[in-house]
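**Q**
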Amino acid sequence: MTLRTPLRLASTCVALAAVALAGTPALAQKKGGTLTIATEAEFSGFNHLKAKIFNQNTTAPASSVMETLFAYEGKTIVPRLGLSLAEAPDRLSATVKLRQNVKFHDGTPFNADAVVFHYTRLIAPDSGVNVGMIASIEKVEKVDDSTVRFVLKAPWSALHSALAIEGLTNFIGSPTALKDGEAFHRFPVGTGPFKMKEWRAGDRLVMERNPDYWDKKLPYVDQLVYRVMPDGNTRFQSMKSGEVDIGRMDVAEHVIAARKEPSLKVYSYEGAGAFMWNYNNSKPPFDDARVRQAVTHAFNSKAMVDTMFQGTTTPTNDLMGPKSEWHCPNLNWRGYDLPKARALVAQYGKPVEFELVSTNTPAGRRQGAMVQQFVQQAGMKATIRLVEQSQNVRVGLSGDYQMDVWRYSDIAMDPDMILTYYFGGAAGEPVTRHDTRKIDPLLAKARSEADPKKRKVLYCEAMQLISDEAVALIPIRTTYFAIARPYVKGLPDMQNGLIKTRAMWLEK
């Protein structure tokens, strides 16, 4: 999940598809029109402290209204509200120069005070926000109106990458508007290319072009409409009929069917993400490593890839995936081994029964049924608790589960974000509630190490530890798919599964 934040990241045409759409400078970008986007779930709200976390369905519209200091374009970090980052010689701080003459939608100036306010608010001990991705920041100081200094708890090689994550921790809102937190939650105010216009709960969210956007050539479209369509069949039919212009798709049958439709175009993105079934390591039966290992070995990832995903993704053999420079291909990664699963159940010596939390969607229900079947073959029993997709992340964060399915993605190109946020204890208890005393020293050393080759060795050791102790079940890569009408142009890489709208246009 977009989180510590379910088909998303396989085909070899990932980069080609995104580049074919985004890298088209020869085309004249047309201005005007309304871009309608289908989204999978209701939005969680936009006040950082109230929402606690932005799921992917919330992050996409949030990125149209609010902006970050830096952002990724492909694998390159580019300026947004920040122009440059300079690390101090001792690597214990970094100075960021800010873009000048920028205003929030309510007229409040964007400056160093706004940046200090944003990060101070989030990293405060009583904020209630899990800031694992920026846990190494001690404080943020104003140098002058257009310069801030990030003071770190220890040298942190991933700072620049962390500040480029388009997510809750980095979306900067208007300090003036945030004085009314309830109003901001439903009507966010940022510096982005679009301004909030309307939110009809359970139906749609409407944004309009920001005529005062600092990048004068953007945006191209006049209006964005995000339509809430949890059912994959409804989303697909809306794409076919032209009711919506583009939307994410997680149903393999629809992706395959769309590839045969001349009126539709399929885009895919595979990054460093995967499906992750969290084990609550603090609750029976998953407080016993033998049970976690048994379920992991009972999971037939190839069967799920071949049937539910119809070959549109692949099994995992590490956290980061083969397209990442941080891929660790030589790990002894736990995988399907039914005899070993049965032996571990026998060794445990007690009946293994547990509840699996899954999303109340066709894909979530099907996933849950397959997991039930897998563990039953190893002599275990799983019951299913269905929750709405918009609530699934909150269930995991609350700890009110025994086993819960999420998906994580390449929120940043650096592995520190995934490993520290999901599996480290630097920012508090991880979602899996596991003992972090073994992994924390590895992650701390990797964060401080300046040599990328040495960092990779440490991260591979951490990944092996996660597999050895079966902290979580990570069996299948995620491939993100979007289905669009052919006149939709300018979609960049769907990193983190996001449809980013700032430079999209309609050629019709």
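Per mature numbering (1 follows the signal peptide of the UniProt record, and there is no 0): the sequence shown = residues -28 to -1, 1 to 480. For each residue, glycine too, the CB sits at the ideal point set by N, CA and C.
Quick one: grab the DSSP three-state call for E297.
**A** Within the sequence shown, the letter at position 325 stands for residue 297. In this structure, E297 counts as coil in the three-state DSSP scheme.
**Q** In this structure, does DSSP put residue 484 in helix, strand or coil?
**A** Only positions -28 to 480 of the chain appear in this structure, which leaves residue 484 out of reach.
**Q** Let me confirm a value: E297 is counted as buried when at least 16 other C-beta atoms fall within 10 Å, else exposed. Which label applies?
**A** Counting from 1 along the sequence shown, the entry for residue 297 is found at position 325. The residue is exposed, with fewer than 16 neighbouring Cβ atoms inside 10 Å.
**Q** Could you compute how far the alpha carbon of Y459 sits from the alpha carbon of T8?
**A** Position 487 of the sequence shown, counted from the start, is the residue given in the question as residue 459. Position 36 of the sequence shown, counted from the start, is the residue given in the question as residue 8. Taking the straight line joining both Cα atoms gives about 12 Å.
**Q** Between which two residues does the beta strand (DSSP E) holding M154 run?
**A** Against the sequence shown, residue 154 aligns to sequence position 182. The sequence shown places Glu at residue 154, not Met. E154 -> not in any beta strand (DSSP E); alpha helix (DSSP H) instead, spanning G153 to R158.
**Q** In angstroms, rounded to a whole number, what distance separates the CA positions of A86 and H77?
**A** The residue labelled residue 86 in the question sits at position 114 within the sequence shown. The residue labelled residue 77 in the question sits at position 105 within the sequence shown. C-alpha separation (whole angstroms): 13 Å.
**Q** Within 10 Å of its beta-carbon, does P464 have 16 or more other beta-carbons around it, so buried, or fewer, so exposed?
**A** Walking along the sequence shown from the start, residue 464 turns up at place 492. P464 should be labelled buried.
**Q** Distance check for Y251 and G336, CA to CA, integer angstroms please.
**A** Within the sequence shown, the letter at position 364 stands for residue 336. Within the sequence shown, the letter at position 279 stands for residue 251. G336 and Y251: Cα-Cα distance of roughly 17 Å.
**Q** With DSSP as the reference, label A261 as helix, strand or coil.
**A** The residue you call residue 261 lines up with position 289 of the sequence shown. DSSP places A261 in helix when its eight states are reduced to three.
**Q** If you reduce the DSSP assignment to three classes, tell me which class T(-17) lands in.
**A** What you label residue -17 is simply residue 12 of the sequence shown in a count that begins at 1. Because T(-17) carries a pLDDT of 32, less than 50, the predicted location of this residue cannot be relied on, and no value is offered for it.
**Q** Nearest-angstrom Cα distance between M476 and P191?
**A** One-based indexing of the sequence shown puts residue 476 at position 504. One-based indexing of the sequence shown puts residue 191 at position 219. Spanning the two alpha carbons is a distance of roughly 8 Å.
**Q** Three or more beta-carbon pairs under 8 Å between the region 427 to 446 and the region 179 to 195, yes or no?
**A** No: fewer than three Cβ pairs fall under 8 Å.
**Q** Tell me whether T268 sits in a helix, a strand or coil according to DSSP, three-state version.
**A** Residue mapping note: residue 268 aligns to position 296 of the sequence shown, counting from 1. Three-state result, T268: helix.
**Q** When we look at the beta-carbon of T355 and count the other beta-carbons within 10 Å, is it buried (16 or more) or exposed?
**A** Position 383 of the sequence shown, counting from 1, holds the residue named residue 355. The residue is exposed, with fewer than 16 neighbouring Cβ atoms inside 10 Å.
**Q** According to DSSP, simplified to helix, strand and coil, what is E479?
**A** Walking along the sequence shown from the start, residue 479 turns up at place 507. It is coil, neither helix nor strand.
**Q** Who are S375's beta bridge partners in DSSP?
**A** If you number the sequence shown from 1, residue 375 lands on position 403. Correcting the residue type first, residue 375 is Met in the shown sequence and not Ser. Paired residues: Y251 and L328.
**Q** From A442, D259, M201 and Q339, pick the residue whose C-alpha is nearest to that of F395; which is it?
**A** Stepping through the sequence shown from its first residue, residue 395 is reached at position 423. Of A442, D259, M201 and Q339, the residue nearest in Cα terms is A442.
**Q** Looking at the structure shown, is Y308 part of a helix, part of a strand, or coil, going by DSSP?
**A** As a position in the sequence shown, residue 308 is number 336, starting the count at 1. Coil.
**Q** Please confirm whether P387 and M292 have their CB atoms less than 8 Å apart.
**A** Counting from 1 along the sequence shown, the entry for residue 387 is found at position 415. Counting from 1 along the sequence shown, the entry for residue 292 is found at position 320. Result yes, Cβ atoms of P387 and M292 sit closer than 8 Å.
**Q** So, F122 versus V68, is the Cβ gap smaller than 8 Å?
**A** As a working note, residue 122 is residue 150 in the sequence shown. As a working note, residue 68 is residue 96 in the sequence shown. Yes.
**Q** Which word fits A173, buried or exposed, when buried means at least 16 other C-beta atoms lie within 10 angstroms of its C-beta?
**A** Taking the sequence shown and counting its residues from 1, the one referred to as residue 173 is at position 201. Under this definition A173 is an exposed residue.
**Q** Taking the continuous alpha helix (DSSP H) assigned at I95, which residues delimit it?
**A** For the purposes of this step, residue 95 is identified with residue 123 of the sequence shown, where counting begins at 1. Unbroken alpha helix (DSSP H) run through I95: A84 to I95.
**Q** Following the continuous alpha helix (DSSP H) through I228, name the residue where it begins and the one where it ends.
**A** Taking the sequence shown and counting its residues from 1, one reaches residue 228 at position 256. Residues A224 to A230.
**Q** Give me, in chain order, the residues of the same chain whose beta-carbon lies closer than 6 Å to that of R457; leave out the 5 immediate sequence neighbours on both sides.
**A** Locating residue 457 in the sequence shown gives position 485, where the first residue counts as 1. These residues qualify, in order along the chain: D217.
**Q** Is G139 near F26, with beta carbons less than 8 Å apart?
**A** Counting from one through the sequence shown, the residue named residue 139 turns up at place 167. Counting from one through the sequence shown, the residue named residue 26 turns up at place 54. Taking 8 Å as the Cβ cut-off, G139 and F26 qualify as a contacting pair.
**Q** Closer than 6 Å by C-beta to H406: which residues in its own chain qualify, once you throw out the five before and the five after it? Chain order, please.
**A** As a working mapping, residue 406 is identified with position 434 in the sequence shown. The answer, listed in chain order, is N253 and V443.
**Q** Looking only at C-alpha atoms, which of A58, N83, P61 and L64 sits nearest to residue 481?
**A** Residue numbering for the chain in the displayed model covers -28 to 480; residue 481 lies beyond these limits and cannot be assessed.
**Q** D372 to F89, Cα distance in whole Å?
**A** As a position in the sequence shown, residue 372 is number 400, starting the count at 1. As a position in the sequence shown, residue 89 is number 117, starting the count at 1. In a straight line, the C-alpha of D372 is about 33 Å away from that of F89.
**Q** With a cut-off of 8 Å, do at least 3 Cβ pairs link the region 411 to 428 to the region 152 to 169?
**A** The region 411 to 428, when compared against the region 152 to 169, does not touch it at the 8 Å Cβ threshold.
**Q** So what's P387 in DSSP terms, helix, strand or just coil?
**A** Sequence index remark: in the sequence shown, residue 387 carries index 415 (1-based). Reduced to three states, the DSSP call for P387 is helix.
**Q** Can you have a look at V377 and say buried or exposed, based on whether 16 or more other CB atoms are within 10 angstroms of its CB?
**A** Taking the sequence shown and counting its residues from 1, one reaches residue 377 at position 405. Under this definition V377 is a buried residue.
**Q** Considering just the uninterrupted stretch of the beta strand (DSSP E) at V120, what are its terminal residues?
**A** Numbered from 1 along the sequence shown, position 148 holds the residue referred to as residue 120. Looking at the DSSP string, the run of the beta strand (DSSP E) that includes V120 is T119 to L124.
**Q** I'd like the list of long-range same chain contacts for residue 545, defined as Cβ closer than 6 Å, with 5 residues on each side in sequence excluded.
**A** Any question about residue 545 goes unanswered here, given that the chain covers just -28 to 480.
**Q** If we ignore side chains and look at the alpha-carbon of each, how far apart do R158 and L21 end up?
**A** If you number the sequence shown from 1, residue 158 lands on position 186. If you number the sequence shown from 1, residue 21 lands on position 49. Approximately 13 Å between the Cα atoms of the pair.
**Q** Can you grab the Cα-Cα spacing for the pair Q374 / H226, in whole Å?
**A** Mapped onto the sequence shown, residue 374 falls at position 402. Mapped onto the sequence shown, residue 226 falls at position 254. Their Cα atoms are separated by approximately 31 Å.
**Q** Start and end of the alpha helix (DSSP H) containing S274?
**A** Here residue 274 refers to the residue found at position 302 when the sequence shown is read from its first residue. Per the sequence shown, the amino acid found at residue 274 is Lys instead of Ser. Residues S273 to T279.
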